[in-house]
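Under full-length UniProt numbering, the first residue of the sequence shown carries the number 1, and numbering increases by one thereafter. All C-beta atoms in this analysis are idealised placements derived from N, C-alpha and C, irrespective of residue type, glycine included. Remember, it's a predicted structure, so these values are computed and weren't measured experimentally. Presented below is the structure to which this report refers.
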Amino acid sequence: MDGTVMPGALAEIEKVVRLYLDGLYEGDGTKIAAAFHPCAHLYSVDEGGSLTDLPRAEWLERMASRPKPAEQGLQREDRILAMDMAGEEAACVKVNCCIPPRFFTDYLLLLKTGEGWRIVAKSFRTETR
């Protein structure tokens, strides 16, 4: 592979990531579900140092019961920090986002499927402020 990026690929990836970030801020599970592949999992380390593996469906259920940042009038604070592609079908995107008082750094792994780019895994760190 020569390391070139297909024209428009980064814009397609950014569109999926922005859909995810919009869904988080708006508390919109439909947007989040559209950004994440149905087989996606979320990974983090709990306070005791144990790995947590959360399937997408369970996460979406939890999201449905959370207060929505947009409805609370909270300032939106999210940004894409880095995007990296491996060939034409794999990418990693680093983002910051928040649902106060929790602030997140996410590493999103995306693959280009027959349906387009989808997040297949999310690894994240949470800081409470």
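- It is roughly 7 Å from the alpha-carbon of Met-83 to the alpha-carbon of Lys-94.
- The bridge partners DSSP lists for Ser-44 are Thr-52.
- Check the Cα spacing between Thr-113 and each of Ala-40, Ser-65 and Gly-73: the tightest is with Ala-40.
- Per the C-alpha coordinates, the member of Phe-103, Ala-57, Lys-68 and Glu-47 positioned closest to Glu-77 is Phe-103.
- A Cβ-Cβ separation of about 6 Å places Arg-118 in contact with Leu-110 under the 8 Å criterion.
- DSSP, read as helix, strand or coil, puts Lys-15 in helix.
- Shortest Cα-Cα distance from Phe-36 to any of Glu-14, Arg-56 and Gly-49 involves Arg-56.
- Residue burial annotation: Gly-73 is exposed, with fewer than 16 other C-beta atoms found within 10 angstroms of its C-beta.
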